[in-house]
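Residue numbers for the sequence shown follow this note's numbering, so the first one is 37 and each next one is one higher.
Some notes on the structure that comes next.
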Amino acid sequence: MKMTTEEAFVKTLQRHGIKHAFGIIGSAMMPISDLFPTAGITFWDCAHEGSAGMMADGYTRATGKMSMMIAQNGPGITNFVTAVKTAYWNHTPLLLVTPQAANKTIGQGGFQEVEQMALFEDMVGYQEEVRDPSRVAEVLARVIAKAKHLSAPAQINIPRDYWTQVIDIDIPTALEFERPGGGENSVSEAAKLLSEARNPVILNGAGVVLSKGGIAASKALAERLDAPVCVGYQHNDAFPGSHRLFAGPLGYNGSKAGMQLISEADVVLCLGTRLNPFSTLPGYGLEYWPADAKIIQVDINPDRIGLTKKVTVGIVGDAAKVADAILGKLSDTAGDEGRDARLAKIAETKSRWAQQLSSMDHEDDDPGTTWNERARAAKPDWMSPRMAWRAIQAALPQEAIISSDIGNNCAIGNAYPSFEEGRKYLAPGLFGPCGYGLPAIVGAKIGCPDVPVVGFAGDGAFGIAVNELTAIGRGEWPAITQIVFRNYQWGAEKRNSTLWFDDNFVGTELDEEVSYAGIAKACSLKGVVARTQEELTEALRQAITDQMENGVTTLIEAMINQELGEPFRRDAMKKPVAVAGIDPADMMDEAV
Numbered sequence: 037m038k039m040t041t042e043e044a045f046v047k048t049l050q051r052h053g054i055k056h057a058f059g060i061i062g063s064a065m066m067p068i069s070d071l072f073p074t075a076g077i078t079f080w081d082c083a084h085e086g087s088a089g090m091m092a093d094g095y096t097r098a099t100g101k102m103s104m105m106i107a108q109n110g111p112g113i114t115n116f117v118t119a120v121k122t123a124y125w126n127h128t129p130l131l132l133v134t135p136q137a138a139n140k141t142i143g144q145g146g147f148q149e150v151e152q153m154a155l156f157e158d159m160v161g162y163q164e165e166v167r168d169p170s171r172v173a174e175v176l177a178r179v180i181a182k183a184k185h186l187s188a189p190a191q192i193n194i195p196r197d198y199w200t201q202v203i204d205i206d207i208p209t210a211l212e213f214e215r216p217g218g219g220e221n222s223v224s225e226a227a228k229l230l231s232e233a234r235n236p237v238i239l240n241g242a243g244v245v246l247s248k249g250g251i252a253a254s255k256a257l258a259e260r261l262d263a264p265v266c267v268g269y270q271h272n273d274a275f276p277g278s279h280r281l282f283a284g285p286l287g288y289n290g291s292k293a294g295m296q297l298i299s300e301a302d303v304v305l306c307l308g309t310r311l312n313p314f315s316t317l318p319g320y321g322l323e324y325w326p327a328d329a330k331i332i333q334v335d336i337n338p339d340r341i342g343l344t345k346k347v348t349v350g351i352v353g354d355a356a357k358v359a360d361a362i363l364g365k366l367s368d369t370a371g372d373e374g375r376d377a378r379l380a381k382i383a384e385t386k387s388r389w390a391q392q393l394s395s396m397d398h399e400d401d402d403p404g405t406t407w408n409e410r411a412r413a414a415k416p417d418w419m420s421p422r423m424a425w426r427a428i429q430a431a432l433p434q435e436a437i438i439s440s441d442i443g444n445n446c447a448i449g450n451a452y453p454s455f456e457e458g459r460k461y462l463a464p465g466l467f468g469p470c471g472y473g474l475p476a477i478v479g480a481k482i483g484c485p486d487v488p489v490v491g492f493a494g495d496g497a498f499g500i501a502v503n504e505l506t507a508i509g510r511g512e513w514p515a516i517t518q519i520v521f522r523n524y525q526w527g528a529e530k531r532n533s534t535l536w537f538d539d540n541f542v543g544t545e546l547d548e549e550v551s552y553a554g555i556a557k558a559c560s561l562k563g564v565v566a567r568t569q570e571e572l573t574e575a576l577r578q579a580i581t582d583q584m585e586n587g588v589t590t591l592i593e594a595m596i597n598q599e600l601g602e603p604f605r606r607d608a609m610k611k612p613v614a615v616a617g618i619d620p621a622d623m624m625d626e627a628v
């Protein structure tokens, strides 16, 4: 069948159901973007390509449907780097389309030229360059299939002079790969260990959310064993929060109940998780990972099994299929030993932690430091971060999708939100990019227009994405709600400064004359300042109403004191020692 290369490209997108593209318009992509309206593909023209990529990540994580990133070759494409690596560690299947400088001039150091394949080599699950115009559909179909199979971004690189070529091809059929269900022997061995366990614990990761039926399968297995279920760091939506067996998130600022219960486990089923370090780091002074427990690790990627923790049984497979298979092989008496005592312990531990969490108002200072004490004294009438999170929980709809950002105040909130279903909690993940909260929640709202959404960010991280306020107020963009924790500082770095650098606050202070609510108003959005818990709760309630009923985007600037939570990485920092010493007199004048 005769068609142009851009027609073949767009027809292949249609065959795979890719309806949304995120980026900034550029001449290198205009031959296909020109066809988007006719094809039923919406192009979301953002303020910055980095945010566009995070919108794509948010859209796909919230919906389970693939979207694409595309921009001008060269600087437009390089702006995607952080977003693509973020999606890689979020296990998000995305299509990265990178128009390349033309073959005729490539290598001459021409306009907007860069090695785009080398750039993303370590950031995508798969990448391929189109070598001939006639292969454009074949390569694109394979890249999309690889993205889905690997649950990761995949890149197609295409020289821009390959557009508008007339070719004779057939559009390939979309391929779907069946996910493995684990090896028979390894599943049987795992079932035997769990059948004999006295204190089994299940740890759900992102793979449970990504797996079709993964949460339901883990729930059935947990109920059969009456085993508590913890979730990995930033995966609070991997098990129903109201379930009697849910023990909460592990890792940084997570659930002390989950940490205490898993510390006593004799067998841990790690389901759909690569056991990333942040999900097992000490918390609240607890070294909770059970060193003597037998560990069963289930992951779709064999390269991740046994990488961070010693594993007794490794199972390569889809979380739902493996959980179902293990359930079918449990003994008749599985879970019976110690069942009543285990259930009582779960209920008592959860209750004690819930009471403690509800009474936590302030952050502790380490011995020898006084920053949090001084912060409270400086602003005695201001909300603390935990007060703000409790005010938010009072108004946050149970069905809401939320996003968070990297930073101290978002991290303090890790223990608070829970969910009844998956694809509800969009955290930036282990690449740790600032500026994720706003674009991710915009992408989620595009994919789920009938669901309330709320984004969260500290004021430092939000400053990286604030330019998107100039894009999302246009009529075709859906309304969202964004909360910015305003304390005029880079909090995580400031906590490091108090602990290891004697309050030498280099680069940690933000401009107190800037009003994010004012910027929102200047962009024809609604900007609100909340100074008390009552004001914050009421502002969020009204913002949700405005979002869902009136199509109004609201930015809530929550004014909080400068208390600082736990540092992200105690394990990675230490007090510096002066040896040679630094003297300002050693500074030389620059030679001219």
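Idealized CB from N, CA, C, for every residue including glycine.
{"Item": "Residue 418 beta carbon less than 8 Å from that of residue 595", "Value": "yes"}
{"Item": "Completely contained alpha helix (DSSP H) runs for the region 375-462, where each covers 4 or more residues", "Value": "375-394, 407-414, 421-429 and 444-448"}
{"Item": "Contained alpha helix (DSSP H) runs [length at least 4] in the region 289-326, N- to C-terminal order", "Value": "292-299"}
{"Item": "Identity of the residues DSSP links to residue 56 by a beta bridge", "Value": "78"}
{"Item": "Straight-line Cα distance separating residue 161 from residue 179", "Value": "10 Å"}
{"Item": "Reduced DSSP category for residue 469 - H, G, I as helix; E, B as strand; rest coil", "Value": "coil"}
{"Item": "As assigned by DSSP and simplified to three states, the class of residue 522", "Value": "strand"}
{"Item": "DSSP-derived helix/strand/coil call for residue 584", "Value": "helix"}
{"Item": "Terminal residues of the alpha helix (DSSP H) in which residue 66 lies", "Value": "66-69"}
{"Item": "Under the three-state DSSP convention, the category residue 259 falls into", "Value": "helix"}
{"Item": "Cβ-Cβ distance between residue 131 and residue 54 below 8 Å", "Value": "yes"}
{"Item": "Pairwise C-alpha distance: residue 170 and residue 38", "Value": "10 Å"}
{"Item": "Where residue 65 falls, given that 16 or more other Cβ within 10 Å makes a residue buried", "Value": "buried"}
{"Item": "Anticipated Cβ contact below 8 Å, residue 36 with residue 98, distance rounded", "Value": "A question about residue 36 goes unanswered here, because the residues of the chain that appear run from 37 up to 628."}
{"Item": "Every unbroken alpha helix (DSSP H) within the region 91-138, with a cutoff of 4 residues, ordered by chain", "Value": "111-114 and 117-125"}
{"Item": "Status (buried if at least 16 other CB within 10 Å, exposed otherwise) for residue 154", "Value": "exposed"}
{"Item": "Straight-line gap, residue 519 to residue 399 (C-alpha atoms, nearest Å)", "Value": "21 Å"}
{"Item": "Distance CB(residue 307)-CB(residue 239) smaller than 8 Å", "Value": "yes"}
{"Item": "Cβ neighbours of residue 176 in the same chain (closer than 7 Å, five flanking residues each side left out)", "Value": "45, 48 and 192"}
{"Item": "Residue 251 versus residue 353 - alpha carbon distance", "Value": "15 Å"}
{"Item": "Secondary structure of residue 341, DSSP reduced to three states", "Value": "coil"}
{"Item": "Endpoints, alpha helix (DSSP H) assigned at residue 220", "Value": "220-232"}
{"Item": "CA-to-CA distance, residue 71 to residue 135, given in whole angstroms", "Value": "16 Å"}
{"Item": "Reduced DSSP secondary structure (H/G/I, E/B, other) of residue 350", "Value": "strand"}
{"Item": "Residue 104 versus residue 442: straight-line alpha-carbon distance, rounded", "Value": "24 Å"}
{"Item": "C-beta atoms of residue 124 and residue 208 nearer than 8 Å", "Value": "no"}
{"Item": "Best match in 469, 543 and 512 for proximity to residue 526 [C-alpha to C-alpha]", "Value": "543"}
{"Item": "Three-state secondary structure assigned by DSSP to residue 573", "Value": "helix"}
{"Item": "Bridge-paired residues (DSSP) for residue 566", "Value": "594"}
{"Item": "Contacts around residue 638, its chain only, beta-carbon distance under 6 Å, and the 5 residues preceding and following it disregarded", "Value": "This structure gives no information on residue 638, because the portion of the chain shown stretches from 37 to 628."}
{"Item": "Under the three-state DSSP convention, the category residue 193 falls into", "Value": "strand"}
{"Item": "Counted within 10 angstroms of its Cβ, other Cβ atoms place residue 499 as buried (16 or more) or exposed", "Value": "buried"}
{"Item": "Selected residue, minimal CA-CA separation from residue 138, among 92, 199 and 117", "Value": "199"}
{"Item": "Helix, strand or coil at residue 537 [DSSP, three-state]", "Value": "coil"}
{"Item": "Test item: CB-CB of residue 475 and residue 122 under 8 Å", "Value": "no"}
{"Item": "Burial state of residue 346 (16 or more Cβ within 10 Å)", "Value": "exposed"}
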